[in-house]
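Chains as they are written, first to last, in this note's numbering: chain G, 1 to 115; chain S, 1 to 111. Ideal Cβ placement from N, Cα and C applies to all residues, glycine included. Here is the structure we will look at, set down as C-alpha cells.
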C-alpha cells in the first residue's frame, strides 16, 4: 500500500472525447509524475508537477495536460482522444529533495480504453 | 536520451530455483530503481541503487549496480510463486525529474 490513490480505475471513451484522470499523492509528498504504459511496455514519462508547476515533460503532444493543486493532488487531462491513447495511466508521488532521494511511489493506475 | 534494455524478456522457472534479471543502460546510471508490477496494476518499489558496486537485499531478492555504473542485476534466490510478476528497472538522469524504464521482464514461477 503506497498511499497513492488514482481514480477511476477503469474508463471507456470514444475517439475524439476528452478525459480527466485524478491522483492523490502520498501524505507529505510534493511532487507528482504521470506515466503512460502501453501493453507489454515499460511506463513512459508524460510530465511531472512540483509545487503546482510543470517540472519536466516527456515526448507527449500538448493535448496531454495536467494540474497540481495546493494539496499536491493532481489531474491528467487528455483532449481529442485517439485509439493509441488506450493504456494504463500511472501516477507516482515523491518528495523532492527527500531522502532516500526521489523514490517514486506509484498508484494502482487507471486503465483507459478508447474505442 | 537514456535507454534501458532488460534481459531476458520473459522467464519461466520452477519453484525453488534461482534466477537473474539484467538491466543495461546506454548511459552512466546515477540512480537505478527496481520495481515489481502485477499484471495491469501499479508498480511496487523494491530497491534503489546509487553507487557503483552497491548491493542491496530484501528478503530473497538482491540487486547490484556494477562498478562502471551501466548495468544492474536482480537476483532471486529460491524463487516462490509470490515472486511472479513483471520486474522493471528504471533510471533517472542527473536531474532525477523523471524515470526512464526498461520494457520489463515477465517472471513466471511454476509450483
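request  = For residue 14 of chain G, count neighbouring Cβ atoms within 10 angstroms of its own Cβ and tell me buried if that reaches 16, exposed if not.
outcome  = Residue mapping note: residue 14 of chain G aligns to position 14 of the first chain, counting from 1. Only exposed fits residue 14 of chain G, as fewer than 16 other CB atoms lie within 10 angstroms of its CB.
Coil, strand or helix - residue 92 of chain S by DSSP = Translated into positions along the second chain, residue 92 of chain S becomes position 92. The three-state reading of DSSP puts residue 92 of chain S in coil, since its state is none of H, G, I, E or B.
Contact list for residue 103 of chain S against chain G, beta-carbon separation under 8 Å = The residue labelled residue 103 of chain S in the question sits at position 103 within the second chain. Chain G residues near residue 103 of chain S: 40, 41, 42.
ask   = Can we say the region 67–77 of chain S touches the region 71–88 of chain G, given the rule of at least three CB pairs closer than 8 Å?
value = They do not touch, by the three-pair rule.
key: Nearest candidate by alpha-carbon position, reference residue 56 of chain G, set S:2, S:103, S:6, S:99   = Reading the first chain from its first residue, position 56 is the one you call residue 56 of chain G. Scanning S:2, S:103, S:6, S:99 for the CA closest to the CA of residue 56 of chain G turns up S:99.
query = Could you check where the beta strand (DSSP E) with residue 24 of chain S kicks off and where it finishes?
reply = Within the second chain, residue 24 of chain S is the residue found at index 24, counting from 1. Residues 19–25.
inquiry  = Assuming contact is defined by CB atoms lying nearer than 7 Å, are residue 20 of chain G and residue 77 of chain G in contact in what I supplied?
reply    = The count along the first chain starts at 1 and reaches residue 20 of chain G at position 20. The count along the first chain starts at 1 and reaches residue 77 of chain G at position 77. Yes, the Cβ-Cβ distance between residue 20 of chain G and residue 77 of chain G is below 7 Å.
ask   = Within the chosen definition, does the region 83–92 of chain S reach the region 19–29 of chain S through at least 3 CB pairs nearer than 8 Å?
value = Contact holds between the region 83–92 of chain S and the region 19–29 of chain S, because three or more Cβ pairs, one in each stretch, are under 8 Å apart.
ask   = Checking contacts by CB at 7 Å: is residue 47 of chain S closer than that to chain G?
value = Start at 1 with the first residue of the second chain, and residue 47 of chain S comes out as number 47. By the rule that beta-carbons nearer than 7 Å mark a contact, residue 47 of chain S does not touch chain G.
message = Taking the beta strand (DSSP E) that residue 44 of chain S belongs to, which residues open and close that run?
response = Your numbering for residue 44 of chain S matches position 44 in the second chain. Counting along the chain, the beta strand (DSSP E) containing residue 44 of chain S begins and ends at 43–49.
ask   = Taking 7 Å as the CB-CB limit, is residue 59 of chain S close to chain G?
value = On the second chain, residue 59 of chain S is found 59 positions in, with the first residue counted as 1. Not closer than 7 Å to any Cβ of chain G, the Cβ of residue 59 of chain S fails to qualify, so no.
ask   = For residue 108 of chain S versus residue 18 of chain S, is the C-beta distance shorter than 7 Å?
value = Locating residue 108 of chain S in the second chain gives position 108, where the first residue counts as 1. Locating residue 18 of chain S in the second chain gives position 18, where the first residue counts as 1. No, the pair does not count as a contact, with Cβ atoms beyond the cut-off.
query = Would you say residue 42 of chain S reaches chain G, if we count a Cβ-Cβ gap shorter than 7 Å as a contact?
reply = By one-based count along the second chain, residue 42 of chain S stands at place 42. Residue 42 of chain S counts as touching chain G.
ask   = If we ignore side chains and look at the alpha-carbon of each, how far apart do residue 37 of chain S and residue 27 of chain G end up?
value = Here residue 37 of chain S refers to the residue found at position 37 of the second chain. Here residue 27 of chain G refers to the residue found at position 27 of the first chain. Looking at the two C-alpha atoms, the distance is approximately 22 Å.
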